[in-house]
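The listed protein sequences derive, respectively, from chains Z and C.
All the letters of the first sequence, read from the start, carry residue numbers 0 to 108 under numbering that gives the first Met the number 0.
All the letters of the second sequence, read from the start, carry residue numbers 0 to 108 under numbering that gives the first Met the number 0.
2 protein chains.
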Amino acid sequence: MSPADDPDAVFSALADATRRQVVQALARSGPATATELAGDFTVSRQAVVKHLQALSQAGLVVGDREGREMRYRLTPAPMAGAMDWMAEVGAGWDDRLAALSQFLSDRDL
Amino acid sequence: MSPADDPDAVFSALADATRRQVVQALARSGPATATELAGDFTVSRQAVVKHLQALSQAGLVVGDREGREMRYRLTPAPMAGAMDWMAEVGAGWDDRLAALSQFLSDRDL
DNA sequence: TGACATCGCAACCCCATGGTTGCACATGGC
DNA sequence: GCCATGTGCAACCATGGGGTTGCGATGTCA
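Structure (structure tokens):
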């Protein structure tokens, strides 16, 4: 069903620049722990942890416990809901979005 | 060029539920003034004005002056940038997003 | 011209949230 | 068993932003 489920969590999660960088880091380098990620950023480990929790709440990330450490893995599936929302809203105005919306419904994505 | 330009403004603009409702209202009913829109919401006119300004700053809306009133029109094109970002990040993990990303690059959207 | 409506600006309040620091707890290696 | 390392929790701070109210300016119309 393409009609948008609630995209609030996803949009809110991706509204923060640092959080998007975390997502990109996980996309590039694969699963990582908060401390590992914190090494690539200027902010503290705790800040990264908070971001990971926010992303986790949005379903964009999941944490697997490995002994003493917690390894976070990207699960970007919920993004599709947000894309549905945008494609539907914009379909009537913008050709690109209309094509996208058409594609989404054709493929039943 | 599909590589993401800065999607920060779009994500931030759409992170707020009221703001998404404003966008949906404009999509359904066409261009409208802030006072007209405010009639459909519980919040004040000024709050709606602020949201329209935020959307305008993100390029998702543009205001046309008509005599005494300011009529706002939806311009959802910038959403495509945000969709690029999501499709690229998620392409490696999620089949739906991969198909989307493929579609985007095939069509040079 | 005068009355009414609409907009735009500014001040203000309050809460969510990004960020920090500090510390307690668990786990693994020696 | 002990220590190092990493995690998780809590308190705290500061800023931003959503929301409101008030008011002056600007148009519109009778």
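All residues carry an ideal CB built from backbone N, CA and C; glycine is no exception.
These figures come from a predicted structure and were not determined experimentally.
Range covered by the beta strand (DSSP E) that runs through residue i
i	result
Z:R64	V60 to E65
Closer than 9 Å to chain C by CB, residue i
i	result
Z:M69	no
Z:E65	no
Z:R19	yes
Z:L36	no
Z:G89	yes
Z:A16	yes
Z:F40	no
Z:A53	no
Z:Q23	yes
Z:A31	no
Z:A26	yes
Z:P2	Reliability of the predicted coordinates at Z:P2 is poor, the pLDDT of 33 falling under 50, and no value is obtained from them.
Z:F102	yes
Within-9 Å CB hit, residue i to chain Z
i	result
C:P75	yes
C:G62	no
C:L13	yes
C:D7	yes
C:Q56	no
C:A81	yes
C:A109	No answer is possible for residue 109 of chain C: the residues shown for chain C start at 0 and end at 108.
Own chain residues within Cβ distance below 8 Å of residue i, not counting five before or after
i	result
Z:W92	none
Z:T32	E68, M69, R70 and Y71
Z:T74	G58, L59, V60 and V61
C:A16	none
Z:A8	Q56, A57, G58 and P77
Z:F10	A81
Z:M0	For Z:M0, the pLDDT reaches just 35, beneath the cut-off of 50, and the residue's location in the model is therefore unreliable, although a value from the coordinates is still provided. So no residue of the chain qualifies.
Z:Q45	none
N-terminal and C-terminal residue of the alpha helix (DSSP H) that residue i is part of
i	result
C:T41	Counting along the chain, C:T41 falls outside any alpha helix (DSSP H), and DSSP gives it neither H nor E.
C:D83	M78 to G89
Z:T17	A16 to S28
C:D7	D7 to L13
Sequence-distant residues of the same chain with beta carbon closer than 7 Å to residue i, five excluded per side
i	result
C:A12	R18, A53, L54, A57 and L59
C:D63	R70 and R72
Z:S43	A37
Z:V47	V21, A33, L36, A37 and F40
Own chain partners of residue i with C-beta closer than 6 Å, once the 5 adjacent residues on each side are dropped
i	result
C:P6	G80, A81 and W84
C:R27	none
Query raised in the report: Taking contact to mean at least 3 C-beta pairs separated by less than 8 Å, is the region 49-60 of chain C in contact with the region 46-60 of chain Z?
Result: The region 49-60 of chain C vs the region 46-60 of chain Z: no contact.
**Report entry** the region 74-81 of chain C touching the region 74-91 of chain Z, judged by at least three CB pairs closer than 8 Å
**Finding:** Contact check between the region 74-81 of chain C and the region 74-91 of chain Z: three or more CB pairs, one atom from each, fall below 8 Å, which counts as touching.
**Report entry** Three-pair Cβ contact test at 8 Å for the region 23-43 of chain C versus the region 27-44 of chain Z
**Finding:** Judged by Cβ distances under 8 Å, the region 23-43 of chain C makes no contact with the region 27-44 of chain Z, as fewer than three pairs qualify.
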